[in-house]
Every structure is written in structure tokens, then in C-alpha cells.
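Asks:
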Amino acid sequence: MRSAKSLVQLTDHQKKMVIKSLILQGRTIRNRYESEMYKWLAHKIMSMDRTIGLDGQELVMISFSLNKEADRRKSETVAHLYRTMSQHILQVKKEFHNEAYAELAARYLV
1 MRSAKSLVQL TDHQKKMVIK SLILQGRTIR NRYESEMYKW LAHKIMSMDR TIGLDGQELV
61 MISFSLNKEA DRRKSETVAH LYRTMSQHIL QVKKEFHNEA YAELAARYLV
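So the sequence shown is numbered by the UniProt record's numbering: it starts at 1 and just counts up by one.
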């Protein structure tokens, strides 16, 4: 395959939203290994520029933490922002997997 990572472009504000939700999700999880994974992913995103290369599992973790953060919010407009961001991340994941499956099908099914 050409790439094992999906490239996601985030603004600074979106990066802060994602990082905050990942850190809060890492604090609420009781499993130490999962908690460290969320914190490591937040650190990885902090150290990157606007374009971030993420694999499928990382995209799912981000989307899950954004949905959890949306559930915590009392304001509907802020919750809507978090859910919209989560849907955007899932759409990027879906497009990445469609490209990967098409490439594998072209390689092995022809």
C-alpha cells in the first residue's frame, strides 16, 4: 500500500479541542494501558503541525473521545461542535479505508 496513515488537517483550535478531549478521556479511564494510549496520542498530536498522519485506531480513539466530550457539555452549540468534529474524523477514516481497500482489490483481484 502507498500509505498506512491517513492525513488529517486540523486548525489550531481543532487541535486544542482534540487534545483536551483525549486528555480528559485518558483521565477517566481506569485501565492504565488505555489511559496511557490516550495520553500518548494527545502528546503525538501536540508535537505535530497542522497535517497529522494517523492510522485507523487513532482516528477511532479521537472520534470516541470527542463524542464523550460532547456528552459532557451542557451547551448544545458546543456539543454540536464536538459531534461535528467527530463526524469529520470518522469521514476521514472511512475515505482512508475505502482507498486502501480499492488499492488492495486492484492489486490482488485482477
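C-beta atoms are modelled at their ideal positions from N, C-alpha and C, and glycine is treated no differently. Remember, it's a predicted structure, so these values are computed and weren't measured experimentally.
Look up Leu81 in the DSSP assignment and say whether it is helix, strand or coil.
Replies: Leu81 falls in the helix class under three-state DSSP.
Asks: Can you pull the DSSP bridge partners for Gly53?
Replies: Leu7, per the DSSP bridge assignment.
Asks: Within the same chain, show all residues whose beta-carbon is closer than 6 Å to that of Lys39, passing over the 5 residues directly before and after it, in chain order.
Replies: Excluding sequence neighbours, Lys39 sits near Gly26.
Asks: Report the option in Glu58, Ile89, Leu54 whose CA atom is closest to the CA atom of Glu36.
Replies: The candidate whose alpha carbon is nearest that of Glu36 is Glu58.
Asks: Please state whether DSSP places Lys74 in a helix, a strand or coil.
Replies: In the structure shown, Lys74 sits in coil (DSSP, three-state: anything other than H, G, I, E or B).
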